[in-house]
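Asker: Residue numbers (our numbering): 2 to 123. Note that CB positions come from ideal geometry on N, CA and C, so glycine has one too. Computed from a prediction, not measured in an experiment: that's the story for all the values here. Just passing along the structure, written as structure tokens.
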């Protein structure tokens with residue numbers, strides 16, 4: 002398969018590893034801010050992936066909302082689709098902060114949204 006001319010192959014040892022707890026600023030009025038009931042959160046990361054900042058405006062024009070950003074405003078941490086009943090995606094690992102008796106806010110919110118759609122299941 003031919004590679005697209007706008008794809009950059011970066012050696013894995015060059016890419017910056019985001020590791021451990023990182024602060025994130027939530028955008029006011031978003032689903033994510035309502036889920037957390039906070040303006041700023043700290044979540045655990047372990048990845049080398051980022052949203053290409055060259056495409057943020059095009060993604061927003063298509064209906065995607067960038068709802069969480071690194072404190073410096075450079076990196077997208079959380080996205081959501083406002084037109085969807087519940088679509089939230091994050092760069093971090095919410096499972097790292099989830100416990101059997103204290104589910105992560107994103108997991109709890111997802112389950113509540115699913116139960117609203119399929120109440121007869123429970």
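According to DSSP, residue 71 sits in a beta bridge with which residue or residues?
Answerer: DSSP output for residue 71 lists 25 as bridge partner(s).
Asker: Thinking residue 49 and residue 18 are a contact (beta carbons under 8 Å), I'd like their distance in whole angstroms, please.
Answerer: Confirmed, about 6 Å.
Asker: Examine the Cβ distances between the region 61–78 and the region 101–111 and report whether three or more of them are shorter than 8 Å.
Answerer: As far as the Cβ criterion goes, the region 61–78 does not touch the region 101–111, which means the pair count is below three.
Asker: Looking at the unbroken beta strand (DSSP E) that takes in residue 41, where does it start and where does it end?
Answerer: Run containing residue 41: 41–48, per the beta strand (DSSP E) assignment.
Asker: Apart from the five residues on each side of it in sequence, which residues of its chain come closer than 6 Å, Cβ to Cβ, to residue 2?
Answerer: For residue 2, the predicted structure reports a pLDDT of 47, less than 50, and the residue's modelled location is therefore unreliable. The matter cannot be settled from this model.
Asker: Cβ of residue 77 within 8 Å of Cβ of residue 70?
Answerer: Yes, Cβ-Cβ distance for residue 77 and residue 70 is below 8 Å.
Asker: Within the continuous alpha helix (DSSP H) that includes residue 77, where are the two ends?
Answerer: Not the alpha helix (DSSP H): residue 77 falls in the beta strand (DSSP E), residues 77–81.
Asker: Considering only the alpha carbon of each residue, which of 30, 43, 26 lies closest to residue 94?
Answerer: Of the candidates 30, 43, 26, the one whose C-alpha sits nearest the C-alpha of residue 94 is 43.
Asker: What do you reckon, are the CB atoms on residue 120 and residue 36 nearer than 8 Å?
Answerer: Going by C-beta atoms, residue 120 is not nearer than 8 Å to residue 36.
Asker: Name, in chain order, the residues that DSSP records as bridge partners for residue 90.
Answerer: DSSP output for residue 90 lists 80 as bridge partner(s).
Asker: Which two residues bound the contiguous alpha helix (DSSP H) that contains residue 110?
Answerer: Note, residue 110: alpha helix (DSSP H), 106–118.
Asker: So, at 6 Å on beta carbons, what are the nonlocal neighbours of residue 51 in its own chain, with the 5 sequence-adjacent residues on each side left out?
Answerer: Counting only Cβ-Cβ distances below 6 Å, and skipping sequence neighbours, we find 76.
Asker: Using CA atoms only, rank isn't needed, just tell me which of 57, 80, 22 is closest to residue 28.
Answerer: Selected option, being the one with the closest Cα: 80.
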